[in-house]
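Heads up, the sequence shown is in the numbering used here, so the first residue is -12 and it goes up one at a time.
Every residue gets a Cβ at the ideal spot worked out from N, C-alpha and C, and that includes glycine.
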Amino acid sequence: MKIGIMGGTFDPIHYGHLLAAEEARINLGIERLIFVPTGDPPYKRGNNITPAEDRYAMTLLATAGVIEYSVSRIEIDRKEPTHTVDTLREFLASGIKTEDLYFITGLDAMLSITSWFEYEKIPDLCTLVTARRPGYPVDEIETLPKFIRDKLKYIEIPQFAISSTEIRERSRLGKGIRFLVPHLVEIYIESNKLYKI
Ligand code: ATP
Ligand code: MG
-12 MKIGIMGGTF DPIHYGHLLA AEEARINLGI ERLIFVPTGD PPYKRGNNIT PAEDRYAMTL
48 LATAGVIEYS VSRIEIDRKE PTHTVDTLRE FLASGIKTED LYFITGLDAM LSITSWFEYE
108 KIPDLCTLVT ARRPGYPVDE IETLPKFIRD KLKYIEIPQF AISSTEIRER SRLGKGIRFL
168 VPHLVEIYIE SNKLYKI
């Protein structure tokens, strides 16, 4: 069974994430998609990231009821700093085969892969999938090392020019975020006053 992993800070999860993940799923015939919110940074609440439990709750709300989707606590529950390479290794250790494991990112994230911890090991663990993201030129894929490109599948998706940063900013300014995030995520943000300060 083909398994797709979509990692992210998801602060908050928005329709750009869901669209990229779903398009990857359909394009590659992935049967199960696992969203993996990152854990809290080890240093004190670095970069003002929202607590992992809130980001996890929003990811659950965004994906609830979609039969192919689930959310993993693997990075949230890990005590040490979390790295993609460790997460992939844990999924493989749970019995998933390398040829069935797909790691999905947007283009911005993939273009930074050479800065990730032990990134050289990643192409041996899974197939990489990257979705086009507004603002990031596709031809920059050519700048990635060949051994990465050999394991990389690029997919065109409908372009949705939204980021979590922009949603946090809109929320802080009291601008609407309706239709940018799933309805239950919007309600969660508002009732917990997440991005007010
Ligand atoms: P932030 O602005 O806080 O960095 P973000 O919107 O970039 O948030 P992340 O949690 O950083 O969201 O991203 C998780 C993954 O989702 C990354 O692989 C990123 O490339 C991808 N992604 C995020 N937004 C989009 C989008 N609008 N279209 C395609 N991919 C996206
Ligand atoms: Mg980002």
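Among the options, the one whose alpha carbon lies nearest that of residue i
| i | options | result |
| --- | --- | --- |
| G(-5) | M(-12), G3, K(-11) | G3 |
| L174 | I0, K(-11), S59 | This sequence places Ile at residue 174; Leu is not what is there. When only C-alpha atoms are compared, the closest one is I0. |
| S81 | T130, I61, E129 | I61 |
| S53 | L79, R19, M97 | Per the sequence presented here, residue 53 reads as Val, with Ser not at that position. For the residues L79, R19, M97, the minimum Cα distance to V53 belongs to R19. |
| D95 | T37, R159, R119, F134 | R119 |
| T130 | T85, E153, L98 | L98 |
| P145 | N14, M(-12), E153 | N14 |
| V125 | E55, E77, E143, F134 | E143 |
Proximity below 7 Å, CB of residue i to CB of residue j
| i | j | result |
| --- | --- | --- |
| I149 | M(-7) | no |
| I(-10) | D87 | yes |
| F78 | T46 | no |
| L115 | K138 | yes |
| G16 | I63 | no |
Between the CA atoms of residue j and residue i - distance to the nearest angstrom
| i | j | result |
| --- | --- | --- |
| T71 | W103 | 8 Å |
| G163 | R155 | 11 Å |
| R159 | E40 | 20 Å |
| Y123 | G93 | 9 Å |
| F167 | A11 | Residue identity differs from the one stated: residue 167 is Leu in this sequence, not Phe. Roughly 20 Å separates the two Cα atoms. |
| K237 | R165 | Because residue 237 is not part of the residues shown, which for the chain are -12 to 184, the question remains open. |
Contact belief for residue i with residue j at Cβ below 8 Å, rounded distance in angstroms
| i | j | result |
| --- | --- | --- |
| C113 | Y141 | Not confirmed; about 15 Å, so no contact. |
| P28 | I36 | 6 Å |
| T101 | P132 | 7 Å |
| F134 | L6 | The pair is not a contact, with the Cβ atoms about 29 Å apart (cut-off 8 Å). |
Nonlocal neighbours in the same chain, by C-beta distance under 7 Å from residue i, ignoring five residues either side
| i | result |
| --- | --- |
| P169 | L48, A49 |
| T69 | T25, G26, E62 |
| E127 | L98 |
Contacting residues, own chain, Cβ-Cβ under 6 Å from residue i (five flanking each side not counted)
| i | result |
| --- | --- |
| L171 | L48 |
| S59 | I21, V23 |
Close Cβ partners of residue i (< 8 Å) along its chain, the five nearest in sequence each way excluded
| i | result |
| --- | --- |
| S57 | R19, L20, I21, F22, T50 |
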